[in-house]
Every structure is written in structure tokens, then in C-alpha cells.
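First comes the structure, then the notes that go with it.
Numbering (this note's numbering), first residue to last: 1 to 243.
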């Protein structure tokens with residue numbers, strides 16, 4: 001299973017490396033493939049990640065000596081912290097792009113903020129890679145569903161990162177993101193964090209995924225396509241329900 005996870009981590013890394021070759025994804029109205037990928041990721045969030053947060057509630061309860069209701073509150077507070085953190089990063093990037101435009105420069109995040117923004121997403125990818133090895137629900141089917149959803153998520157999130165950073169992402173950022181996924185897998189293969197820490201990381205990551213999926217589909221300037229989004233969400237939901 002660890003070897004399969006290694007191959008999947010490498011595959012996820014290749015998405016970051018070669019995303020720039022998929023020029024058709026940048027079309028407006030939004031590519032049907034991007035909208036469908038967003039639908040898959042959203043279905044995974046609501047039918048797998050959010051229910052799994054409930055499973056981590058028991059971990060919080062045992063480790064922290066909390067009642068069921070208090071543990072549930074803390075799990076979702078951590079998820080909210082993840083969503084808020086990545087929303088803050090998104091606003092930081094957008095404000096930076098506006099300053100660059102006002103200064104007559106390229107419509108991209110300022111160089112001084114490149115490492116802050118990409119570093120945060122590298123940690124995000126590190127967690128995704130770690131969870132290829134250690135998830136609440138074990139088994140090959142769970143692993144493949146997780147990897148497939150994260151692959152779709154990376155397609156949409158990379159599109160947004162390339163739009164924010166332009167040539168810096170192609171020159172440096174994509175390699176950082178790819179390396180972070182593989183490093184997360186290596187960390188998971190080499191060690192296992194305490195159960196409470198895994199629960200905290202998963203809850204934080206869940207909030208980040210919710211924000212990063214929806215921010216790529218909802219803005220009006222994305223000109224997203226509803227039916228491909230719906231089709232991706234429905235198809236993936238049917239697979240999850242069937243399994």
C-alpha cells in the first residue's frame with residue numbers, strides 16, 4: 001500500500017509540473033474540464049471529508065477529555081481556521097496583484113510575497129501527501145478515491161496559482177509544489193504522527209480544501225460552466241455512494 005501511495009504521490013506531483021502544457025484550461029468561458037474537476041473535488045469534500053471530520057471527533061474527545069459536543073465544536077473550529085487561513089492568503093495575493101497593476105507592472109503577485117504564498121500552499125501539499133499514507137479510512141479503494149479527488153483539486157488550484165504568479169510559478173513554483181507532495185508521502189512512510197495531530201492536520205486541511213475548491217468555481221470572472229460542474233460532482237458522488 002505504501003508503494004501504491006508513492007506512485008500516486010509521484011502522479012500528483014506530475015500534475016503540478018505539466019499543468020502549464022494544458023493551455024486549453026485557460027479558455028473563457030471556463031474549460032469544461034476545469035469545471036468538471038471542480039465538481040469532483042466539491043463532491044469529495046461534502047461526501048467524504050466532512051463526514052470524516054465527524055470521525056475525528058472521537059479522537060479529539062479521547063485525547064483532550066472532551067464531551068462529544070465539545071469535541072465536535074473543536075474539530076470544526078480547526079476546519080474553520082484552515083478555511084480562514086487560506087481565505088486570508090487569497091486576499092493577500094489579490095491585493096498584491098492590484099498593487100502590481102497600479103505600479104504598471106505585470107498582473108502577478110509581487111516577488112516579495114511569492115515565497116509566503118507558495119510556502120503556505122507547499123505546506124498544504126505536504127499534508128495532502130502525508131494523508132496518502134495515513135487516513136482515517138484505510139484500504140485501497142479509499143486511497144484511490146482520495147488520490148483521484150486530489151488530482152482534480154490540483155488541476156483547478158494550479159490554474160489559480162499560475163494565474164497569480166505567472167512565470168514565477170512555471171519557473172520555480174511548480175517544482176516546489178510537486179516536491180511538497182512527495183515529501184509529504186515520505187514523511188508519512190517514515191513516521192506516524194500522534195492520532196490527535198493527524199486529526200488536527202486533517203481538519204485544518206479540510207477547511208483549506210473547501211475554500212480552495214469553491215474560490216476557483218464561484219467568482220463571476222471565472223465564467224464557470226454549471227453542467228460540467230454538476231456532471232463531475234454527480235459522477236463522483238455516485239462512485240462514493242456505490243462504494
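Backbone N, C-alpha and C fix where the C-beta goes; we use that ideal spot for every residue, glycine too.
Task: Member of 175, 15, 77 whose CA lies at the smallest distance from the CA of residue 53 - done: Measuring from the Cα of residue 53, the nearest candidate turns out to be 77.
Open item on the list: Taking its Cβ as the centre, do 16 or more other Cβ atoms sit within 10 Å of residue 152, making it buried, or is it exposed?
Closed with: Label assigned to residue 152: buried.
TODO: Drop a sphere of 10 angstroms on the beta-carbon of residue 238, count the other beta-carbons inside from all chains shown, and report buried for 16 or more, exposed for fewer.
DONE: Looking at its Cβ environment, which holds fewer than 16 other Cβ atoms inside 10 Å, residue 238 is exposed.
Task: residue 236 versus residue 33: straight-line alpha-carbon distance, rounded - done: The alpha-carbon of residue 236 is positioned some 14 angstroms away from that of residue 33.
Open item on the list: What does the alpha-carbon distance come out to for the pair residue 101 and residue 109?
Closed with: Counting only the Cα atoms, residue 109 lies some 10 angstroms from residue 101.
Open item on the list: Tell me which residues share the same chain as residue 81 and place their Cβ nearer than 7 angstroms to its Cβ, disregarding the 5 neighbours each side in the sequence.
Closed with: Cβ neighbours of residue 81 within its own chain (closer than 7 angstroms, five residues either side excluded): 204, 207.
Open item on the list: Can you tell me whether residue 7 is helix, strand or coil according to DSSP?
Closed with: DSSP places residue 7 in helix when its eight states are reduced to three.
Task: Segment limits, alpha helix (DSSP H) that includes residue 72 - done: Going by DSSP, residue 72 is part of the alpha helix (DSSP H) stretching over 68-102.
- [ ] Taking residue 178 and residue 13 to be in contact with their CB atoms under 8 angstroms, please state how far apart those CB atoms are, rounded to whole angstroms.
- [x] Correct: roughly 4 angstroms between the Cβ atoms.
Task: N-terminal and C-terminal residue of the alpha helix (DSSP H) that residue 62 is part of - done: In the DSSP assignment, residue 62 falls within the alpha helix (DSSP H) that extends over 50-64.
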